[in-house]
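**Q** Residue numbers (the working numbering): 77 to 517.
Here it is: the structure, laid out below.
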Ligand SMILES: [Fe+2]
């Protein structure tokens, strides 16, 4: 924690727009004009391309950036294996996939000196990182800033803070993220996490698949849901540090470490569309019914990672943001259902309208997993209340919940399946649902 870091975070300026061809230079003249790799890059910098998609992917999906840096990324010593800590990677084969509805309390307090990487704890996931399919759900709980640098070759990292602000120092520049906002670090981008408060806690979706993009809007039209202009990329900022810097690389499920003789956050200028960004979830334009029935929760999709099947996401990031409920003759909370997709839900603050809040319930920092075809929906108390409620317009503004919804079942890590903070009696929330059936005679 540092007052300087908070001051830095709060003074940041950004480049606006999702997927834009941004460009930025921390020193005037550092970006070459008219070409990517001139014979001699300006100011004695090295030119380097970072590819987030294959060279030949269609233009609409292609992601790459050009970096102009003090030293090329290639200038590093050999990586050696280091402790994976509590991080795990798909394929997850150490547990049997569990059809039960599961819910966890928040992660326990970390030991003193736990940084973001050491505090990263894998709940489970699916697919195979080496095949670039599927995803993992992680939580983090940290009480110390990183003095090392991390990058993830296995996937992009969608960071959803629940407690404590973060300053992300990335190769592309600095990002500030607080609870209620999210940050995305693209695959392979190096970064360091500094804490802006005494501790930090939250969720991470590691997406092994195609990079997240904004969902198509169909009949909604040209605007709505998450608007492209609200995604903020950093401006170039670099460290000119000569001296030992530990760099940790997550590669095919293992952590590897090398001690560089300089900081790799030494990018003086860059341009491209493979960039980190932050987004304020309260900017989400929530769309719902103005007649009857609760729309399918896909209406709340912020970002989606497509699969090879149109409309079938590897993973969707969905937010339940403050909104009005006005449906007539409608059971207004999310309906009972069984879903071929698997749903991990987390809570950033407050309460979720289908579950009772409070200790032992669905609490901020906790999470629930409703795996493929598991039956779920409002708990008994919510059902009784919503079935009897007077249907006047109602503002739902007491919480911020989200979901990572994924095409395949989520298999738990043994540490999640056997966690002390796994709630033992989650099924009970549906046990009080009584029969009301009265056949007509
Ligand atoms: Fe659901």
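Every residue, glycine too, gets a C-beta built ideally from N, C-alpha and C.
Which residues bound the beta strand (DSSP E) around residue 384?
**A** Residue numbering aside, residue 384 sits at position 308 when the chain shown is read from its first letter. Careful: residue 384 lies outside any beta strand (DSSP E) and carries neither H nor E.
**Q** Quick one: does the C-beta of residue 51 sit closer than 7 Å to a heavy atom of ligand 1?
**A** Since the first and last residues shown for the chain are 77 and 517, residue 51 lies out of range.
**Q** When we look at the beta-carbon of residue 150 and count the other beta-carbons within 10 Å, is it buried (16 or more) or exposed?
**A** What you label residue 150 is simply residue 74 of the chain shown in a count that begins at 1. So residue 150 ends up on the exposed side.
**Q** If we ignore side chains and look at the alpha-carbon of each, how far apart do residue 504 and residue 450 end up?
**A** Your numbering for residue 504 matches position 428 in the chain shown. Your numbering for residue 450 matches position 374 in the chain shown. Looking at the two C-alpha atoms, the distance is approximately 15 Å.
**Q** Which term fits residue 142, buried or exposed, when burial requires 16 or more other beta carbons within 10 angstroms of its beta carbon?
**A** For the purposes of this step, residue 142 is taken as the residue at position 66 of the chain shown. Its Cβ being crowded by 16 or more others within 10 Å, residue 142 is buried.
**Q** So residue 125 is in the alpha helix (DSSP H); what residue range does that whole segment cover?
**A** As a working note, residue 125 is residue 49 in the chain shown. No alpha helix (DSSP H) holds residue 125; the beta strand (DSSP E) holding it covers 122-127.
**Q** Residue 277 and residue 238 - do their beta-carbons sit closer together than 8 Å?
**A** Locating residue 238 in the chain shown gives position 162, counting from the first residue. Locating residue 277 in the chain shown gives position 201, counting from the first residue. Contact flag set, yes.
**Q** Count the other C-beta atoms from every protein chain shown that fall within 10 angstroms of the C-beta of residue 125, then say buried if there are 16 or more, exposed otherwise.
**A** Residue numbering aside, residue 125 sits at position 49 when the chain shown is read from its first letter. Exposed, since its Cβ has fewer than 16 Cβ neighbours within 10 Å.
**Q** Would you call the region 239-259 and the region 456-465 touching, i.e. three or more CB-CB distances under 8 Å?
**A** They do not touch, by the three-pair rule.
**Q** Alpha carbons only, please: which of 398, 383 and 329 is nearest the one belonging to residue 357?
**A** As a first step, residue 357 is located in the chain shown; it is residue number 281 there, counting from the start. Checking every option, the nearest Cα to that of residue 357 belongs to 398.
**Q** Would you list the one or two residues that DSSP bridges to residue 281?
**A** As a working note, residue 281 is residue 205 in the chain shown. 213 and 234.
**Q** Between 389, 164 and 410, which lies nearest to residue 331 when the distance is taken from Cα to Cα?
**A** As a first step, residue 331 must be located in the chain shown, where it is residue number 255. The residue with the shortest Cα to Cα distance from residue 331 is 164.
**Q** Leaving aside the five residues before and after residue 334 along the sequence, list all residues of the same chain whose C-beta is less than 6 Å from its C-beta, in chain order.
**A** Along the chain shown, one-based indexing puts residue 334 at 258. The answer, listed in chain order, is 152, 153, 155 and 323.
**Q** Of the choices 346, 240, 183 and 496, whose alpha-carbon is the least far from that of residue 248?
**A** The residue given as residue 248 occupies position 172 in the chain shown. Nearest of 346, 240, 183 and 496 to residue 248, Cα basis: 346.
**Q** So, at 6 Å on beta carbons, what are the nonlocal neighbours of residue 268 in its own chain, with the 5 sequence-adjacent residues on each side left out?
**A** As a working note, residue 268 is residue 192 in the chain shown. Around residue 268: 222, 225 and 245.
**Q** Could you pull the DSSP bridge partners for residue 498 from this structure?
**A** Along the chain shown, one-based indexing puts residue 498 at 422. Partner(s): 180.
**Q** Check whether the Cβ of residue 412 lies closer than 8 Å to any Cβ atom in chain B.
**A** Considering every chain present, this structure includes no chain B. It has just one protein chain.
**Q** Which of the three DSSP states is assigned to residue 140 in this structure?
**A** As a first step, residue 140 must be located in the chain shown, where it is residue number 64. Reduced to three states, the DSSP call for residue 140 is strand.
**Q** Look at the alpha carbon of residue 83 and the alpha carbon of residue 89, and state the distance between them as a whole number of angstroms.
**A** As a working note, residue 83 is residue 7 in the chain shown. As a working note, residue 89 is residue 13 in the chain shown. Rounded to the nearest angstrom, the two C-alpha atoms are 13 Å apart.
**Q** Give me, in chain order, the residues of the same chain whose beta-carbon lies closer than 6 Å to that of residue 275; leave out the 5 immediate sequence neighbours on both sides.
**A** As a first step, residue 275 is located in the chain shown; it is residue number 199 there, counting from the start. Excluding positions up to five away in sequence, the list reads 219 and 240.
**Q** Quick one: what's got a C-beta closer than 8 Å to residue 359's C-beta in the same chain, skipping five residues either side?
**A** Taking the chain shown and counting its residues from 1, one reaches residue 359 at position 283. Excluding residues within five positions, the ones whose Cβ falls inside 8 Å are 302, 303 and 306.
**Q** What are the boundary residues of the beta strand (DSSP E) that residue 310 is part of?
**A** Looking up residue 310 in the chain shown gives position 234. Residue 310 -> beta strand (DSSP E) spans 308-310.
**Q** How would the residue list near ligand 1 read, in chain order, if you kept each one whose beta-carbon is closer than 7 Å to any heavy atom?
**A** Taken from the N-terminal end onward, the list reads 373, 410, 413, 415, 419, 446 and 452.
**Q** When you compare only the Cα positions, how much space is there between residue 201 and residue 506?
**A** Counting from 1 along the chain shown, the entry for residue 201 is found at position 125. Counting from 1 along the chain shown, the entry for residue 506 is found at position 430. Cα to Cα, the separation comes out at about 25 Å.
**Q** Out of 389, 476 and 463, which one is the CA nearest neighbour of residue 409?
**A** One-based indexing of the chain shown puts residue 409 at position 333. It is 463.
**Q** Out of 312, 279, 388 and 366, point me to the one whose CA is closest to residue 441's CA.
**A** Locating residue 441 in the chain shown gives position 365, counting from the first residue. The option with the nearest alpha carbon to residue 441 is 279.
**Q** Just to confirm, does residue 338 get its C-beta within under 7 Å of one of the non-hydrogen atoms of ligand 3?
**A** Here the bound small molecules are ligand 1; ligand 3 is not part of this structure.
**Q** Whole alpha helix (DSSP H) runs in the region 427-473 with 4 or more residues, listed along the chain?
**A** The qualifying runs are 456-464.
**Q** Return the chain-ordered list of same chain residues with a C-beta closer than 6 Å to the C-beta of residue 406, the five sequence neighbours on each side being excluded.
**A** Mapped onto the chain shown, residue 406 falls at position 330. So the list reads 368 and 369, once near-sequence residues are dropped.
**Q** Return the CA-CA distance between residue 273 and residue 421, expressed in angstroms with no decimal places.
**A** The residue given as residue 273 occupies position 197 in the chain shown. The residue given as residue 421 occupies position 345 in the chain shown. So the two alpha carbons sit approximately 25 Å from each other.
**Q** Going by Cα to Cα distance, which pick from 493, 159 and 353 is closest to residue 235?
**A** Within the chain shown, numbered from 1, the residue matching residue 235 stands at position 159. Taking only the C-alpha atoms, the option nearest residue 235 is 353.
**Q** What does the alpha-carbon distance come out to for the pair residue 355 and residue 412?
**A** For the purposes of this step, residue 355 is taken as residue 279 along the chain shown, with counting starting at 1. For the purposes of this step, residue 412 is taken as residue 336 along the chain shown, with counting starting at 1. Going by the C-alpha atoms only, they are around 30 Å apart.
**Q** Does residue 57 pass the burial test, meaning 16 or more other C-beta atoms within 10 Å, or should it be called exposed?
**A** Because the chain is modelled from 77 through 517, residue 57 falls outside the range shown and cannot be assessed.
**Q** How about residue 128 and residue 135: do their beta carbons lie closer than 8 Å?
**A** For the purposes of this step, residue 128 is taken as residue 52 along the chain shown, with counting starting at 1. For the purposes of this step, residue 135 is taken as residue 59 along the chain shown, with counting starting at 1. No; because the gap between Cβ atoms is not below 8 Å, this pair is not in contact.
**Q** Identify the continuous alpha helix (DSSP H) that holds residue 80 and give its terminal residues.
**A** Within the chain shown, numbered from 1, the residue matching residue 80 stands at position 4. Its alpha helix (DSSP H) spans residues 79-86.
**Q** Taking only three categories from DSSP, how would you classify residue 503?
**A** For the purposes of this step, residue 503 is taken as the residue at position 427 of the chain shown. The answer is helix: DSSP assigns residue 503 an H, G or I state.
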